[in-house]
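**Q** Under our numbering, the residues of the sequence shown are numbered 17 to 132, in order. For glycine and all other residues, C-beta sits at the position ideal for the given N, C-alpha and C. Remember, it's a predicted structure, so these values are computed and weren't measured experimentally.
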Amino acid sequence: EGQNCGFVQWVDEQWPPTMENALLKLWSMVEESKSARVNDNLQSALTIHQLTEEKNKLDADYDKLVKDVHQLVDFQQDRVVDFSYLQSAVTYQHQCRAELVAGSFGQWLKRASLLG
Numbered sequence: 017e018g019q020n021c022g023f024v025q026w027v028d029e030q031w032p033p034t035m036e037n038a039l040l041k042l043w044s045m046v047e048e049s050k051s052a053r054v055n056d057n058l059q060s061a062l063t064i065h066q067l068t069e070e071k072n073k074l075d076a077d078y079d080k081l082v083k084d085v086h087q088l089v090d091f092q093q094d095r096v097v098d099f100s101y102l103q104s105a106v107t108y109q110h111q112c113r114a115e116l117v118a119g120s121f122g123q124w125l126k127r128a129s130l131l132g
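Structure (structure tokens):
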């Protein structure tokens with residue numbers, strides 16, 4: 017093998033200026049393309065971040081809505097139970113009143129028949 021003596025020599029002769037300019041232009045296009053991809057990736061990351069935040073907010077809103085609906089259903093069920101209880105209490109009071117009236121009327125009839 018050869019020894020490295022620090023001397024570098026071109027194997028090919030120097031390119032013509034038009035070829036060098038074309039190569040510089042191509043290299044510039046590669047760098048622009050790379051930069052555009054980086055910008056696209058950053059924009060995509062920002063969009064993903066914004067959408068993730070929006071999704072999290074919507075999830076929180078949905079969870080709150082579900083909780084509110086459950087509370088509303090529970091409240092409505094409690095109202096139905098309370099209404100049923102009140103309805104049975106009113107029915108019971110009507111029955112008691114009817115029995116009292118019937119009993120009082122029966123006693124009045126007995127007294128009236130005894131007096132008369």
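Can you grab the Cα-Cα spacing for the pair Asp77 / Gln92, in whole Å?
**A** Here residue 77 is taken as the residue at index 61 of the sequence shown, counted from 1. Here residue 92 is taken as the residue at index 76 of the sequence shown, counted from 1. Each residue's Cα considered, the two are about 22 Å apart.
**Q** Under three-state DSSP, which class holds Cys112?
**A** The sequence position of residue 112 within the sequence shown is 96, counting from 1. Helix, per DSSP.
**Q** What separation, rounded to the nearest whole angstrom, lies between the Cα atoms of Val106 and Val89?
**A** The residue you call residue 106 lines up with position 90 of the sequence shown. The residue you call residue 89 lines up with position 73 of the sequence shown. Taking the straight line joining both Cα atoms gives about 25 Å.
**Q** Cα separation between Lys83 and Asp94?
**A** Mapped onto the sequence shown, residue 83 falls at position 67. Mapped onto the sequence shown, residue 94 falls at position 78. Rounded to the nearest angstrom, the two C-alpha atoms are 16 Å apart.
**Q** Report the three-state DSSP secondary structure of Phe23 (helix, strand or coil).
**A** Translated into the one-based positions of the sequence shown, residue 23 becomes position 7. The answer is coil: DSSP assigns Phe23 none of H, G, I, E or B.
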